[in-house]
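**Student:**
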Amino acid sequence: MKTLAEMISDPPNKGFVCITPETKVTRRDLLSKASKLRESGEAISDPIVSGADILSAIPRMIALDGFASALYLAPADLSEEQRARLRDLARGVTSLQPGAKTQWVIATSGTSGAPKLVAHNLQSLTHSLKIDRGVGTELRWALLYDPCRFAGLQVTLQAAVSGSTLLVPESADVEYCIEFLRCNACTSISATPSMWRKVLSTSSVKELRLSHVTLGGEIADDRILQLLHATFPQARITHIYASTEAGVGFSVRDGRAGFPAEYLKTGPSGKVKLRISTNGILQIHDESFEQEYVGQSQRLIDRDGFIDTGDLVKLHGDRVFFLGRANGSINVGGQKVMPEEVESLIRSCPGVEEARVYSKPSPILGSIVMAEVVAGKNNRSDEVREQLKAMCHMRLEPFKRPVVIHMVDEIKVSAAGKIRRAGQ
Amino acid sequence: MVGSMTIRQTILHTLKDVAASSQIILVDPLTDETVLLQSGLDSLGFAILVARLEEQLGFDPFTMTDEPVYPRTLGEFITFYELMYQRL
Numbered sequence: 001m002k003t004l005a006e007m008i009s010d011p012p013n014k015g016f017v018c019i020t021p022e023t024k025v026t027r028r029d030l031l032s033k034a035s036k037l038r039e040s041g042e043a044i045s046d047p048i049v050s051g052a053d054i055l056s057a058i059p060r061m062i063a064l065d066g067f068a069s070a071l072y073l074a075p076a077d078l079s080e081e082q083r084a085r086l087r088d089l090a091r092g093v094t095s096l097q098p099g100a101k102t103q104w105v106i107a108t109s110g111t112s113g114a115p116k117l118v119a120h121n122l123q124s125l126t127h128s129l130k131i132d133r134g135v136g137t138e139l140r141w142a143l144l145y146d147p148c149r150f151a152g153l154q155v156t157l158q159a160a161v162s163g164s165t166l167l168v169p170e171s172a173d174v175e176y177c178i179e180f181l182r183c184n185a186c187t188s189i190s191a192t193p194s195m196w197r198k199v200l201s202t203s204s205v206k207e208l209r210l211s212h213v214t215l216g217g218e219i220a221d222d223r224i225l226q227l228l229h230a231t232f233p234q235a236r237i238t239h240i241y242a243s244t245e246a247g248v249g250f251s252v253r254d255g256r257a258g259f260p261a262e263y264l265k266t267g268p269s270g271k272v273k274l275r276i277s278t279n280g281i282l283q284i285h286d287e288s289f290e291q292e293y294v295g296q297s298q299r300l301i302d303r304d305g306f307i308d309t310g311d312l313v314k315l316h317g318d319r320v321f322f323l324g325r326a327n328g329s330i331n332v333g334g335q336k337v338m339p340e341e342v343e344s345l346i347r348s349c350p351g352v353e354e355a356r357v358y359s360k361p362s363p364i365l366g367s368i369v370m371a372e373v374v375a376g377k378n379n380r381s382d383e384v385r386e387q388l389k390a391m392c393h394m395r396l397e398p399f400k401r402p403v404v405i406h407m408v409d410e411i412k413v414s415a416a417g418k419i420r421r422a423g424q
Numbered sequence: 001m002v003g004s005m006t007i008r009q010t011i012l013h014t015l016k017d018v019a020a021s022s023q024i025i026l027v028d029p030l031t032d033e034t035v036l037l038q039s040g041l042d043s044l045g046f047a048i049l050v051a052r053l054e055e056q057l058g059f060d061p062f063t064m065t066d067e068p069v070y071p072r073t074l075g076e077f078i079t080f081y082e083l084m085y086q087r088l
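Spelled out as structure tokens, the structure:
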């Protein structure tokens, strides 16, 4: 197995370059910065990679992989408690023993539940990347996420090991990001469905000429897939199923929500196998799984070699559909509501641009369902709310209906691009 | 007070509104002696009522006391809201 430095140093990868609004840094600069970090001893003494600055993060990843026993990825929004934990763990880092692999320790996004640390290695992070050097050098990938979160790391590594250009807008302002990407001839964007809905509402989106559109991290429903196809008819639209724990599991390219039920029998590709547990959770198996939780007795991989993804799924005809996170349901007086189901219905209502469904404590039922909705441009909020009320009444069982629908200007997403599930 | 409405008026108005939107028929007549569980509204209806009242009045009295409070009649329910409103 090659190290990251060796992969990037491959002559065909000379095209790897990182462009930010301020500067352009070539592969040679990044490799040379990495060498200095190794030579000065700084790599081992500080094996924490900070996601706040991409131009420091990449050389540090290159310096540490294949050189140190572990590297720790610290996204910019990591809590102080988690950061202190990383600092403690980092004190134990030594030079890599012969034959060993550098552990890449990543925090889960903690969208539902407390974040956990998962140890991967370069192989488990890159084995599913499509490395096509002929095409790779022509691609210009947008990095819309922190490079130290799983989704951002995937994009960063994809560009690095395929000799692509990495475009880093370094801004949370989606309108600005898309304008930056347009000016830099971006060809490829990977984003969560929530982030895509924001991208689709920007004024320069139609001027983007994308060949690769990738979705991941949240449920991709038919509506977002259709909208993306209509906006980027020339692009290959791929829905990736991935998680920090499992790495990249599989991808779906047929433009429909969910995945073919056939995958449960034949596996989606290569060595990956899928099954649904008795309680309806998708489980995934890959012969090359080596990842594990850090500092936790909980096993990541069960005795049969499967990882429990925590995603509830439902087999319906020839398709398996995602229902939402198993631990993210709202318990309304003992009846469970999947916020994703309600959000999906709300988004299908004309005049709705985005929706967030969340739980609110109730003295009577434990929790109740609440919703925040952004009306589309040229739509009146009060009219959209009335339409939604009527629609929810007709299509949802009473306990699933949002008790209050707040019309808001914007729904914020986390640094991982996902809708936050915790209540207000 | 919400606009020109008293707490009592707001509760009665919201109660009828929740019943109408949930297609529930309330007992007639609705008085202070009406037992909540026999008013026609089920527990989901009450949870909705409390949440909507919080939107309109700006407080949820059930979260303002350490002691669990279970008003039995409509009159007790209204009094509880009026009492907690004074503590704001």
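These protein sequence lines map, in sequence, to chains A and B. Just so it is clear: in the first sequence, position 66 is 66 by this note's numbering, and no numbers are missing. Just so it is clear: in the second sequence, position 82 is 82 by this note's numbering, and no numbers are missing. Virtual Cβ for every residue (Gly too), placed ideally from N, Cα, C.
(1) Where does Thr14/B fall in DSSP's three states?
(2) Determine the chain A residues that contact Val50/B at a beta-carbon separation under 8 Å, and present them in chain order.
(3) Buried or exposed for Asp154/A, going by 16 or more other Cβ atoms inside 10 Å?
(4) Compute the Euclidean distance between the alpha carbons of Lys116/A and Thr108/A, then round it to the nearest angstrom.
(5) Answer with yes or no whether the minimum CB distance from Phe46/B to chain A is below 8 Å.
(6) Distance cutoff 8 Å, beta carbons only. Does Gly333/A sit that close to anything in chain B?
(7) Out of curiosity, what's the CA-to-CA distance linking Gln424/A and Leu64/A?
(8) Find the residues of chain B that neighbour Ile368/A, judging by a C-beta separation of less than 8 Å, and give them in chain order.
(9) Is it right to say Gly295/A is buried, meaning 16 or more other beta carbons lie within 10 angstroms of its own, or is it exposed?
(10) Say whether the region 144-151 of chain A touches the region 182-198 of chain A, bearing in mind that this needs 3 or more beta-carbon pairs closer than 8 Å, one atom from each stretch.
(11) Hey, how far is the Cα of Thr137/A from the Cα of Gln158/A?
(12) When the Cβ atoms of the region 169-183 of chain A are set against those of the region 262-272 of chain A, are three or more pairs found closer than 8 Å?
(13) Which ranges does the beta strand (DSSP E) cover as unbroken runs of at least 3 residues, wholly within the region 103-168 of chain A, from first to last along the chain?
(14) Helix, strand or coil for Pro260/A per DSSP?
(15) Counting along the chain, where does the alpha helix (DSSP H) carrying Ser362/A start and finish?
(16) Would Val404/A pass as an interface residue toward chain B - the criterion being a Cβ-Cβ separation below 8 Å?
(17) Is the Cβ of Pro398/A closer than 8 Å to any Cβ of chain C?
(18) Roughly how many angstroms separate the alpha carbons of Met338/A and Leu323/A, rounded to a whole number?
(19) Check for me: the alpha helix (DSSP H) holding Thr231/A runs from which residue to which?
(20) Would the beta-carbon of Thr126/A be found less than 7 Å away from any heavy atom of the ligand PLP?
(21) Rank Val174/A, Gly333/A, Ala43/A, Ser381/A by C-alpha distance to the C-alpha of Leu96/A and give the top, closest one.
(22) Give a yes or no on whether the C-beta atoms belonging to Ser243/A and Thr214/A are separated by under 8 Å.
(23) Please list, in chain order, the chain A residues whose beta carbon lies closer than 7 Å to that of Glu55/B.
(24) Label Val27/B either buried or exposed according to how many other C-beta atoms from any shown protein chain fall within 10 Å of its C-beta, with 16 as the threshold for buried.
(25) Please check the pair Arg356/A and Glu343/A, which I expect to be a contact at CB under 8 Å, by giving their CB distance rounded to whole angstroms.
(26) Within 10 angstroms of its Cβ, does Leu315/A collect 16 or more other Cβ (buried), or is it exposed?
(27) Over what stretch of residues does the beta strand (DSSP E) that includes Ile301/A continue unbroken?
(28) Between Ser22/B and chain A, is there a C-beta pair that is closer than 8 Å?
(29) Tell me whether Lys101/A sits in a helix, a strand or coil according to DSSP, three-state version.
(30) CB-CB under 7 Å to Ile8/B, same chain, minus the five flanking residues each way: which ones, in chain order?
(31) Just grab the DSSP bridge partners of His406/A for me.
(32) Taking 8 Å as the CB-CB cut-off, is Phe62/B touching chain A?
(33) Once the 5 residues before and after Val100/B are set aside, which same chain residues still bring their CB inside 8 Å of it?
(34) Spell out a yes or no on whether the region 48-57 of chain A and the region 403-412 of chain A are touching, meaning 3 or more CB-CB pairs, one atom from each, closer than 8 Å.
(35) Considering only C-alpha positions, which residue in the set Gly40/B, Leu37/B, Tyr70/B, Asp32/B is nearest to Pro363/A?
(36) Can you name, in chain order, every residue of its own chain whose Cβ lies under 8 Å from the Cβ of Asp77/A, other than the five neighbours on each side?
**Tutor:** Short version:
(1) helix
(2) Ser362, Pro363, Ile364
(3) Per the sequence shown, the amino acid found at residue 154/A is Gln instead of Asp. Result: buried.
(4) 5 Å
(5) yes
(6) yes
(7) The predicted model places Gln424/A with a pLDDT of 47, which falls under 50 and marks its position as unreliable, so this point remains unresolved.
(8) Ala47, Ile48, Ala51
(9) exposed
(10) yes
(11) 11 Å
(12) no
(13) 103-107, 117-120, 140-142, 165-167
(14) strand
(15) Segment 352-362 is the beta strand (DSSP E) holding Ser362/A; no alpha helix (DSSP H) there.
(16) yes
(17) You won't find chain C in this structure, because its protein chains are A and B.
(18) 7 Å
(19) 222-231
(20) This structure lacks the ligand PLP; in fact it carries no ligand of any kind.
(21) Ala43/A
(22) no
(23) Val404
(24) exposed
(25) 7 Å
(26) exposed
(27) No beta strand (DSSP E) contains Ile301/A, which DSSP labels as neither H nor E.
(28) yes
(29) coil
(30) The question names Ile, but residue 8/B in the sequence shown is Arg. Result list for Arg8/B: Ile78, in chain order.
(31) Glu372/A
(32) yes
(33) Outside the displayed range of chain B (1 to 88) lies residue 100/B, so it cannot be described from this structure.
(34) no
(35) Tyr70/B
(36) Asp146, Ser414, Ala415
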